[in-house]
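If you read the sequence shown in numbering that gives the first Met the number 0, its first letter stands for residue 0, the second for the next number, and so on.
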Amino acid sequence: MKKILFSLFMMVYLVFSLGEIKERGKEEIYQIQDGYSFKLYAESQQRDTWTKIVAVQRKNALPFLLYYDSKAGELLVKEDCKSRKEESVFPSRNTWKDILALDIDGDGNEELLFYDPSGGDKAGYAELYSVVEGFSKRKLLGQWYNWNNRWKTFTIIDCGLDQKKELLRYDDQESQADIVRFLPCEKEGYNAKILNTFSGWRGTWKSIISVSLGYREGILLYDPYVGEWELLAIQDSEQEPFVSISTFKTRKGWKEIVSGNFGAGNILLYDAISGEAEIYALEGKELFLKKKISTKKTWKSIVPYTMGEQDALLFYESANYSDICLPTYDGTNQALHPDVFLDKDGYYKMVFTPYPYCNDLLENPSVLRSKDGFVFEPIPVKQNLAPLMDTPSLEGTPYTYSYNNDPDFFRYEDKYYMVYNETKTSETAMLQKVYLMVYDLEWKQIHSWVLQEQKSFDVAWFSPSFVLLDKEVMLFYVRKSNDACVHGIFFRKSSIQDIQNIAQKEEHAVLLKKEAPFSSWHINALHNPFNQKIYLLIAGKFQGANPGDYFPSLSNFDLFMARSNENDYTTFDLNPTPVLRRFVFPCTNVYRPAFLFTSQDRITLWCSFMRSRETGIALFQEIPID
Numbered sequence: 000m001k002k003i004l005f006s007l008f009m010m011v012y013l014v015f016s017l018g019e020i021k022e023r024g025k026e027e028i029y030q031i032q033d034g035y036s037f038k039l040y041a042e043s044q045q046r047d048t049w050t051k052i053v054a055v056q057r058k059n060a061l062p063f064l065l066y067y068d069s070k071a072g073e074l075l076v077k078e079d080c081k082s083r084k085e086e087s088v089f090p091s092r093n094t095w096k097d098i099l100a101l102d103i104d105g106d107g108n109e110e111l112l113f114y115d116p117s118g119g120d121k122a123g124y125a126e127l128y129s130v131v132e133g134f135s136k137r138k139l140l141g142q143w144y145n146w147n148n149r150w151k152t153f154t155i156i157d158c159g160l161d162q163k164k165e166l167l168r169y170d171d172q173e174s175q176a177d178i179v180r181f182l183p184c185e186k187e188g189y190n191a192k193i194l195n196t197f198s199g200w201r202g203t204w205k206s207i208i209s210v211s212l213g214y215r216e217g218i219l220l221y222d223p224y225v226g227e228w229e230l231l232a233i234q235d236s237e238q239e240p241f242v243s244i245s246t247f248k249t250r251k252g253w254k255e256i257v258s259g260n261f262g263a264g265n266i267l268l269y270d271a272i273s274g275e276a277e278i279y280a281l282e283g284k285e286l287f288l289k290k291k292i293s294t295k296k297t298w299k300s301i302v303p304y305t306m307g308e309q310d311a312l313l314f315y316e317s318a319n320y321s322d323i324c325l326p327t328y329d330g331t332n333q334a335l336h337p338d339v340f341l342d343k344d345g346y347y348k349m350v351f352t353p354y355p356y357c358n359d360l361l362e363n364p365s366v367l368r369s370k371d372g373f374v375f376e377p378i379p380v381k382q383n384l385a386p387l388m389d390t391p392s393l394e395g396t397p398y399t400y401s402y403n404n405d406p407d408f409f410r411y412e413d414k415y416y417m418v419y420n421e422t423k424t425s426e427t428a429m430l431q432k433v434y435l436m437v438y439d440l441e442w443k444q445i446h447s448w449v450l451q452e453q454k455s456f457d458v459a460w461f462s463p464s465f466v467l468l469d470k471e472v473m474l475f476y477v478r479k480s481n482d483a484c485v486h487g488i489f490f491r492k493s494s495i496q497d498i499q500n501i502a503q504k505e506e507h508a509v510l511l512k513k514e515a516p517f518s519s520w521h522i523n524a525l526h527n528p529f530n531q532k533i534y535l536l537i538a539g540k541f542q543g544a545n546p547g548d549y550f551p552s553l554s555n556f557d558l559f560m561a562r563s564n565e566n567d568y569t570t571f572d573l574n575p576t577p578v579l580r581r582f583v584f585p586c587t588n589v590y591r592p593a594f595l596f597t598s599q600d601r602i603t604l605w606c607s608f609m610r611s612r613e614t615g616i617a618l619f620q621e622i623p624i625d
């Protein structure tokens with residue numbers, strides 16, 4: 000009876016508490032006064048699904064604000080940023096990755112550039128508009144169908160030092176960049192001319208922002224992997240437009256970095272883990288801290304702009320379609336592979352692996368807790384962010400590389416049970432051990448068992464996922480199926496008392512009822528307490544779904560849902576429509592998810608992702624699944 004009552008409590012708690020995280024977003028606008036003070040000018044409730052907010056400057060009018068909702072495929076425009084009353088909504092594609100305002104001709108009126116990388120086969124798409132008469136009267140200036148679809152960041156710079164802005168494009172996967180200038184055609188419209196190309200750039204730049212050096216312009220590049228800035232000055236030379244001035248050490252966990260006129264300084268840094276913002280002044284070759292601000296931990300976007308004669312900062316808060324800033328022991332706050340459940344103490348517990356810039360050596364299972372499912376913190380009894388285990392030792396082995404990965408866990412009575420993979424590799428061999436760990440409520444290890452060992456990726460288990468049904472445990476996992484080109488899903492089951500022997504139990508193949516060949520990569524399995532069925536969230540893809548992509552490659556995944564029958568857990572109906580499309584979020588690859596049911600047909604989703612080489616976990620609210 001106690002277990003039944005507790006299950007009912009969990010269901011009610013999930014429905015109401017997760018719904019309270021944020022049903023809507025919030026916006027706060029601050030005016031900057033006297034160099035140091037920030038005065039709240041306006042605050043309002045907003046959609047919680049804005050992907051991008053852009054301020055567009057105009058010479059003879061106040062800026063207008065453009066809000067982009069990739070989930071709905073809509074643009075909302077506030078033509079008057081001061082009164083904020085004139086609003087118009089426009090339909091739009093839902094795969095824009097970036098929207099930028101830049102003044103390409105130096106007339107004081109900014110144009111709008113839209114970039115969509117979803118074309119496939121390395122083909123990105125871009126559009127350029129004049130909006131001098133407002134967005135509703137926008138004029139198309141150019142379209143480009145052959146842009147690289149791997150551009151990670153765009154930075155607006157003044158390469159010619161003539162107020163005509165250029166575009167610096169950066170590709171972290173290829174460690175390259177280029178500069179594009181928009182030039183008017185003879186009759187109408189604009190061409191995009193590549194002025195310079197650069198190779199050998201660092202592949203771990205997260206942010207590149209334009210800054211004023213007083214006497215000239217520059218760019219500031221931020222690398223969270225090592226906690227470093229590099230300052231480059233722009234010089235009037237088409238052959239060598241950048242010259243390195245200096246480097247600075249800094250913290251690794253800055254979430255947002257923006258430049259503008261902030262009174263005492265011109266660079267604002269935001270750390271969501273600590274809830275702090277810092278304003279710096281760039282003077283010559285040095286950065287000077289001018290002001291520290293205590294603020295919320297939940298800001299998604301920070302947008303600087305001018306509002307008449309005063310500068311302003313727009314802060315947008317949302318816990319839906321938003322990256323989670325997880326504290327990690329390495330300090331970068333980059334992570335993958337979450338698993339989440341609501342514990343008896345009222346906290347959401349998450350196990351995950353740090354994975355900064357795909358560094359396997361730091362991929363060690365770690366655990367955090369959260370009251371709201373969005374802001375996570377260390378568990379007090381652990382007292383620090385140390386992972387549950389260290390990178391496997393290679394001493395005395397023939398292997399040259401090792402890592403831990405793919406954790407999944409649950410609680411039964413007064414113990415936590417966690418499964419994960421330990422992998423060791425060399426150029427000619429591999430060894431994978433699937434471990435089952437048992438911890439007490441203070442995360443002290445009680446037991447450790449090796450469930451199985453494999454010496455070939457052809458039979459190794461990936462992404463193991465537990466389902467607890469009363470006293471029976473099911474362990475789902477992915478491995479290569481009889482069709483060597485496809486990864487299939489399998490499961491084994493045992494009693495909770497015999498869980499250490501689950502790998503010796505009979506293996507069952509999951510039959511996915513689908514419309515075309517489908518390959519799974521990472522999964523999470525969960526029992527739906529509202530209808531007693533098991534659901535699989537699958538990072539995978541259909542054959543031929545991605546132009547130019549071979550099948551199956553370990554990239555270009557979207558997130559799909561499969562549902563079992565009520566009492567048959569071997570056959571699942573696979574919904575061909577993704578629960579989450581990577582380009583809509585946006586990201587370049589969807590990875591392992593975690594989820595909880597808020598009703599029979601809606602979930603709260605924590606999904607890991609990759610944006611080029613950068614990794615993270617995001618929260619999505621009230622996602623329909625049927």
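We treat Cβ as the ideally placed atom computed from N, Cα and C, and that holds for glycine.
Quick check on residue i: buried or exposed, where buried means 16 or more other Cβ atoms within 10 Å of its Cβ?
{"i": "valine 477", "result": "buried"}
{"i": "lysine 1", "result": "Unreliable positioning characterises lysine 1 in this predicted model, as indicated by a pLDDT of 42, which lies under 50. The coordinate reading is nonetheless provided below. That one is exposed."}
{"i": "valine 589", "result": "buried"}
{"i": "glutamate 22", "result": "A caution first: glutamate 22 carries a pLDDT of 48, below 50, which makes its placement in the model unreliable, though a value can still be read off. With fewer than 16 Cβ atoms within 10 Å of its Cβ, glutamate 22 is classed as exposed."}
{"i": "tyrosine 144", "result": "exposed"}
{"i": "arginine 562", "result": "buried"}
{"i": "aspartate 413", "result": "exposed"}
{"i": "alanine 334", "result": "buried"}
{"i": "phenylalanine 8", "result": "With a pLDDT of 39 at phenylalanine 8, under the threshold of 50, the predicted position of this residue should be treated as unreliable, and no value is reported."}
{"i": "valine 458", "result": "exposed"}
{"i": "serine 518", "result": "buried"}
{"i": "isoleucine 20", "result": "Bear in mind that a pLDDT of 37 at isoleucine 20, under 50, signals an unreliable position, so the number given afterwards is only what the model happens to contain. So isoleucine 20 counts as buried."}
{"i": "alanine 515", "result": "exposed"}
{"i": "tyrosine 568", "result": "buried"}
{"i": "serine 392", "result": "exposed"}
{"i": "tryptophan 442", "result": "exposed"}
{"i": "glycine 123", "result": "buried"}
{"i": "arginine 180", "result": "buried"}
Bridge partners for residue i per DSSP, in chain order?
{"i": "cysteine 324", "result": "For cysteine 324, which the question treats as bridged, DSSP gives no partner whatsoever."}
{"i": "serine 641", "result": "No statement about residue 641 is possible, as the shown extent of the chain runs from 0 to 625 and does not include it."}
{"i": "isoleucine 31", "result": "Phe37"}
{"i": "tryptophan 228", "result": "Tyr221 and Phe247"}
{"i": "cysteine 606", "result": "Pro592 and Ala617"}
{"i": "serine 209", "result": "Ile218"}
{"i": "tyrosine 269", "result": "Glu255 and Ala276"}
{"i": "aspartate 338", "result": "Val350"}
{"i": "alanine 311", "result": "Gln30 and Tyr304"}
{"i": "aspartate 572", "result": "Lys512 and Arg562"}
{"i": "tryptophan 298", "result": "Glu316"}
{"i": "isoleucine 522", "result": "Ile537"}
{"i": "threonine 424", "result": "Tyr400 and Met429"}
{"i": "serine 493", "result": "Val472"}
Taking 7 angstroms as the cut-off, decide whether the C-beta atoms of residue i and residue j are in contact.
{"i": "isoleucine 602", "j": "isoleucine 622", "result": "yes"}
{"i": "arginine 591", "j": "histidine 486", "result": "no"}
{"i": "threonine 294", "j": "glycine 274", "result": "yes"}
{"i": "isoleucine 98", "j": "valine 53", "result": "yes"}
{"i": "threonine 331", "j": "leucine 360", "result": "no"}
{"i": "alanine 280", "j": "tyrosine 269", "result": "no"}
{"i": "leucine 231", "j": "glycine 217", "result": "yes"}
{"i": "lysine 77", "j": "leucine 64", "result": "yes"}
{"i": "glycine 105", "j": "lysine 163", "result": "yes"}
{"i": "aspartate 655", "j": "serine 455", "result": "The structure shown does not extend to residue 655, since the chain is modelled only from 0 to 625, so the question has no answer here."}
{"i": "valine 380", "j": "proline 364", "result": "no"}
{"i": "proline 326", "j": "isoleucine 272", "result": "yes"}
At least 3 beta-carbon pairs within less than 8 angstroms: the stretch 456-472 vs the stretch 519-528: yes
Under 8 angstroms: do the stretch 254-264 and the stretch 177-193 share three or more Cβ pairs, one atom per stretch? no
Beta strand (DSSP E) runs wholly inside the stretch 47-125, at least 3 long, in chain order: 51-57, 60-68, 73-77, 86-90, 97-101 and 110-115
Would you mind listing the beta strand (DSSP E) stretches within the stretch 362-393 that are 3+ residues and don't spill past its ends, in chain order? Runs found: 365-369.
Should the stretch 299-313 be called in touch with the stretch 199-216, which here means at least 3 C-beta pairs below 8 angstroms? no
Given 8 angstroms, three or more beta-carbon pairs between the stretch 157-164 and the stretch 127-142: no
Within the stretch 125-153, ranges of the alpha helix (DSSP H) (whole runs, at least 4 residues): none
I'd like the ranges of any beta strand (DSSP E) spanning at least 3 consecutive residues and lying wholly in the stretch 156-203. 165-170, 175-183 and 189-198
With three or more beta-carbon pairs closer than 8 angstroms as the criterion, would you say the stretch 201-220 touches the stretch 169-179? yes
Does the stretch 569-583 touch the stretch 503-513, meaning 3 or more C-beta pairs lie closer than 8 angstroms? yes
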